[in-house]
Amino acid sequence: MNLKKLTKKNETYLLLIVIVFSIVINTINPVFMTVENIFDLLRSSSGTAILAIGVFVVLLSGGIDVSCTAIAICGQYIAINVLIASGVDNIVMAFLISISVGLALGAVNAVFISIFNLPTLITTLGTSSLFHGLLLEFVGTKAVNVGNIPDSIKAFGKMNILTIARPDGTEYGLSIFFLILVIVVVVTWLILKFTMIGRGIYAIGGNREAAQRTGYNIRKIQFFTYCYAGLLAGVMGVMHLALIRYSNPNYIVGTELNIIAAVVLGGTRISGGTGTLTGTLIGVALITILQKNLVLIGLSSYWQEFFIGMIIVLGVTITYAQNKINARRKLSIDSV
Amino acid sequence: MSEVFLEAKGVSKTFVGVKALDNVDLTIGKGEIHCLIGENGSGKSTLIKIIGGVYKADSGSVLIEGRELHEHGIQAIESIRAGVQIIYQDLSLFPNLTVAENISINQMLETNQQGVNWKTVRSSAKKALEEIGEEIDLDERVENLSVAKKQIIAISRALTQNAKLIIMDEATSAITKEEVDHLFSIILKLKERGISILFVSHKLSEVFEISENITIIRDGKKVGVYPTSELDYEKLVFIMTGRKLEYAPYIYNEEMKEDVPLLSVEGLNKEFQFSDINFTLQKGEILGITGLIGSGRTEIAQAIFGLNKPNSGTIKLKGKTVHISSPEDAISHGIALLPEDRHHQGLFEAQAIGDNIVITVLKKLLAGLNLISPLKKQTEGDNWIKKLSIKTPSGATPVNSLSGGNQQRVVLAKWLATEPEVFILDGPTIGIDIGSKHTIHEIIRDLAEKGMGIIMISDEIQEILDNCNRVLLMSKGRIIKEIEDSRTTTEEELYDIVTRNYEVEAGA
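Those protein sequences? They're chains A and B, same order as listed. Residue 301 in my numbering is what sits at position 299 of the first sequence, and the numbering runs on without skipping anything. Residue 499 in my numbering is what sits at position 498 of the second sequence, and the numbering runs on without skipping anything.
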């Protein structure tokens, strides 16, 4: 890829912001750029990234999903309760339950959206409350403390795919969470790039009417999209549980706007059809750095929101300015 | 005629009580360029959709190479497999995808594959482009291409599906004259390969240029099929509209001329858009501005109306310099602009006709407590509906239920309500059929005769010559020639100046 193309890409600027931020934080507190801190960041942000990828796929198709966080917490809370009640102490089981819940709830969204053809924002706003409300009413409202969390889940949270020894003999490592993220990224990439259903997601996001005329099965594609987003939310639910070793049915819900912001910041058009996985990952990285590392430079966590807001406004401004410049250039050559 | 490819016999179709097609026949030979012409709402689109298997005909049949189509219920795929490809006016492309994918997408879906082989995608796209001798970057996104290029993509896509008949619906409505010529050269190439073309249009001059035979429909009925060589412009208009339309040149009443012009534009400049624009406009004049798309015409109109801030230059009204930085300023100085894109810039399409008309003059409608008086609103709206004879049962009907010509009258009414002295009309008859076009021209002339200064911007040089007393020719952001009296020139001459200049500059 040549330099000229790079300057046109949103991701390039975003990556620059990430780098500048990292350098600033690192000069104030050199702990930031240590392998240990980076591994820690990867561990704590992998789940968010997976949720964001689900949102990304939905945005590509021209829709929006604000229920992903509600689905994630449903998956998590139902899985932990089933595990405790049944006495089965198995991480695979936890994933199976959470993913099934995610798929089922994603399918509920899909039915409303693809079969009844309802607007996606309103539908998922509604189902988000619906899912969460049902969870609190029928499954419970009590948080599950670390003492009650099954061992297999705690062990999973500590599992590393790479271990490095500290000088004092203790160890740290790269969490298995990162491996899961890599798998999700690769699978999503393969689906989007090399399957007809993946190209269909781009097609219906770009021009729905044309997709219909061309012969795409729009219902099928939408069904797949919302189920896939639900599945990823299910995966995230268990990862979040293993990360914090605590389950509160009111967690995760409420962070959906941050996740959508990360995806849009990564260059995905909110109107659909355009966006990249790379951009999404960089968007998540930026939001994560802001959320987790302001403390490192001595700022209170209240500044988080301020900085996230600032970055979103700045990011959108850059995109907007770029489009405007491009449009002006075009006008001089060919006004249509 | 050679071998017959498609034959539609006695096709009728009724939509909720309205007869859209009544016993229509259409015959297209192999490798023939056939034209289907008729005013908006005459049933052209319905007929195309029946051929394409989108609608089901109430009666009649469609035969392709002698075999009846859609015998067992309608299916678009059946028409496609028989070799019929329809290129709709909106082209049905995916702006966010690359050229290669846009061209190959139908073929991929047709073969019912699950995976995507990018090598095949590229090679079949390349092959389709080569077939019509075109070269376009396969990796470019379609949204970055001009309309003309997009059209080529749509044609190439049709070719990947073994098209034997390509139906082009209003293919020339958004491209420049030069691009039309290029499109026609492609159509001729397709003909050489034995592909039939059905060219659907309401632009008469183009129909004469390209077609071999013309089928004319009016109000859902076929009124005739003629070899193009047997028709001339007047005869075709007569058959199409059922009446004779004549234009006398607009003659400017010199008595209205004043020492200080109504509007004068001096040294107007805007980077990348236009430069050194000087002209004046007198009361009662219709000043035409024409040039190829991209020549800067629309941008100048927007600059005068406060929508496009120029870098330098002055605008004077009756000799006084005015500063216009917003449409509000422009309106208060008595300037109105009828925009190029009626649907997006001119109207609130889902709203009532009356509401659309009064939107510019809400202040005049205020009554006690500074609230809008429903009575005044109603009177103002109805008044204009009557004055411009807008065909509607009532002012409460939404604008999108009107025909193009009537919609444009609503836009006219909305601006006339502000009582402008300078009225800029950017493409006043785009997408309006020939009968309504004429009445809109009459309204415009009438306004000028009563003393309004009018600037008419149009692509159609003939329209400009028919209606304007003075003409400015533009190219690449500059005024390249002023014709003082439009009676002293011809369409060919002006077209020649505009394109020659374009080529010289483009070549340099």
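Virtual Cβ for every residue (Gly too), placed ideally from N, Cα, C. This one's a predicted model, so the numbers in the text were calculated from it and none came from an experiment.
Option in the options with minimal Cα separation from residue i
{"i": "Leu269 (chain B)", "options": "B:Ile52, B:Ile325, B:Ile462 and B:Thr15", "result": "B:Ile325"}
{"i": "Lys482 (chain B)", "options": "B:Ile78, B:Lys271, B:Ile498 and B:Asp342", "result": "B:Ile498"}
{"i": "Gly275 (chain A)", "options": "B:Lys151, B:Leu264, B:Lys178 and B:Asn97", "result": "B:Asn97"}
{"i": "Glu464 (chain B)", "options": "B:Ile153, B:Phe95 and B:Gly292", "result": "B:Gly292"}
{"i": "Val266 (chain A)", "options": "A:Val59, A:Ile21, A:Leu43 and A:Phe23", "result": "A:Val59"}
{"i": "Asp67 (chain A)", "options": "A:Gly77, A:Val240 and A:Ile55", "result": "A:Ile55"}
{"i": "Asp59 (chain B)", "options": "B:Ala351, B:Lys321 and B:Val25", "result": "B:Val25"}
{"i": "Leu61 (chain A)", "options": "A:Ala81, A:Leu17, A:Phe179 and A:Leu123", "result": "A:Leu123"}
{"i": "Phe133 (chain A)", "options": "A:Leu298, A:Phe118, A:Tyr79 and A:Asn150", "result": "A:Tyr79"}
{"i": "Thr216 (chain B)", "options": "B:Val224, B:Phe209 and B:Glu210", "result": "B:Val224"}
{"i": "Asp182 (chain B)", "options": "B:Ala77, B:Phe209 and B:Ile240", "result": "B:Phe209"}
{"i": "Ile188 (chain B)", "options": "B:Glu171, B:Thr315 and B:Ile156", "result": "B:Ile156"}
{"i": "Tyr253 (chain B)", "options": "B:Ala77, B:Gly452 and B:Gly478", "result": "B:Gly452"}
{"i": "Tyr174 (chain A)", "options": "A:Asn162, A:Ile185, A:Val184 and A:Leu181", "result": "A:Asn162"}
{"i": "Leu264 (chain B)", "options": "B:Asp277, B:Glu272 and B:Leu282", "result": "B:Leu282"}
The ligand ADP heavy atom lying under 6 Å from the CB of residue i
{"i": "Ile151 (chain A)", "result": "Inclusion of the ligand ADP in the displayed structure is not the case, the ligand content being empty and no account of it being possible."}
Residue i - containing beta strand (DSSP E), residue span
{"i": "Ile242 (chain B)", "result": "According to the sequence as given, residue 242 (chain B) is Thr; it is not Ile. No beta strand (DSSP E) contains Thr242 (chain B), which is instead part of the alpha helix (DSSP H) from Tyr234 to Thr242."}
{"i": "Ile425 (chain B)", "result": "Val423 to Asp427"}
{"i": "Asn279 (chain B)", "result": "Phe275 to Leu282"}
{"i": "Thr322 (chain B)", "result": "Lys321 to Val323"}
Residue environment, residue i, which counts as buried when at least 16 other CB atoms sit within 10 Å
{"i": "Gly231 (chain B)", "result": "First, the residue type needs correcting, since residue 231 (chain B) is Glu and not Gly in the sequence shown. It counts as exposed."}
{"i": "Lys236 (chain B)", "result": "exposed"}
{"i": "Glu300 (chain B)", "result": "buried"}
{"i": "Met35 (chain A)", "result": "exposed"}
{"i": "Phe16 (chain B)", "result": "exposed"}
{"i": "Ala507 (chain B)", "result": "Note that Ala507 (chain B) has pLDDT 43, beneath the 50 cutoff, so the model's placement of it is unreliable and the number below is only indicative. Burial call: exposed."}
{"i": "Trp119 (chain B)", "result": "exposed"}
{"i": "Pro394 (chain B)", "result": "exposed"}
{"i": "Lys438 (chain B)", "result": "buried"}
{"i": "Tyr89 (chain B)", "result": "buried"}
{"i": "Gln114 (chain B)", "result": "exposed"}
{"i": "Lys392 (chain B)", "result": "exposed"}
Below-7 Å beta-carbon distance, residue i vs any chain A residue
{"i": "Ser93 (chain B)", "result": "yes"}
{"i": "Gln76 (chain B)", "result": "no"}
{"i": "Asn309 (chain B)", "result": "no"}
{"i": "Gly116 (chain B)", "result": "yes"}
{"i": "Leu110 (chain B)", "result": "yes"}
{"i": "Pro96 (chain B)", "result": "yes"}
{"i": "Asn371 (chain B)", "result": "no"}
{"i": "Asn107 (chain B)", "result": "yes"}
{"i": "Val499 (chain B)", "result": "no"}
Minimum Cβ-Cβ distance from residue i to chain B less than 7 Å
{"i": "Asn209 (chain A)", "result": "yes"}
{"i": "Arg201 (chain A)", "result": "yes"}
{"i": "Phe196 (chain A)", "result": "yes"}
{"i": "Arg215 (chain A)", "result": "yes"}
{"i": "Ala323 (chain A)", "result": "no"}
{"i": "Thr276 (chain A)", "result": "yes"}
{"i": "Ala205 (chain A)", "result": "yes"}
{"i": "Ala212 (chain A)", "result": "yes"}
{"i": "Leu192 (chain A)", "result": "no"}
Delimiting residues of the alpha helix (DSSP H) encompassing residue i
{"i": "Phe133 (chain A)", "result": "Thr122 to Leu136"}
{"i": "Tyr227 (chain B)", "result": "Not the alpha helix (DSSP H): Tyr227 (chain B) falls in the beta strand (DSSP E), residues Lys222 to Pro228."}
{"i": "Met95 (chain A)", "result": "Ile93 to Ala112"}
{"i": "Gly436 (chain B)", "result": "Ile435 to Glu450"}
{"i": "Thr299 (chain B)", "result": "Arg298 to Ile305"}
{"i": "Gln78 (chain A)", "result": "Cys70 to Ser88"}
{"i": "Gln1 (chain B)", "result": "Since the displayed chain B opens at 2 and closes at 509, residue 1 (chain B) lies outside it and no answer follows."}
Residue i at chain D interface by Cβ criterion, 7 Å
{"i": "Ile240 (chain B)", "result": "Considering every chain present, this structure includes no chain D. Its protein chains are A and B."}
In chain order, what are the residue ranges of uninterrupted beta strand (DSSP E) at least 3 long that sit wholly in the stretch 163 to 191 of chain A? 173 to 177
Starting from the N-terminal side, write out each stretch of the beta strand (DSSP E) that is 3 residues or longer and does not extend beyond the stretch 3 to 58 of chain B. 5 to 16, 19 to 30 and 34 to 38
Which ranges does the alpha helix (DSSP H) cover as unbroken runs of at least 4 residues, wholly within the stretch 196 to 248 of chain A, from first to last along the chain? 198 to 208, 210 to 216 and 220 to 246
Ignoring anything shorter than 3 residues or poking outside the stretch 102 to 168 of chain B, list the beta strand (DSSP E) runs there in chain order. none
Scan the stretch 309 to 386 of chain B and note each continuous alpha helix (DSSP H) run of 4 residues or more that stays entirely inside, going in chain order. 328 to 333 and 354 to 359
Could you pull out every unbroken beta strand (DSSP E) segment of at least 3 residues lying fully inside the stretch 187 to 216 of chain B, listed in chain order? 197 to 202
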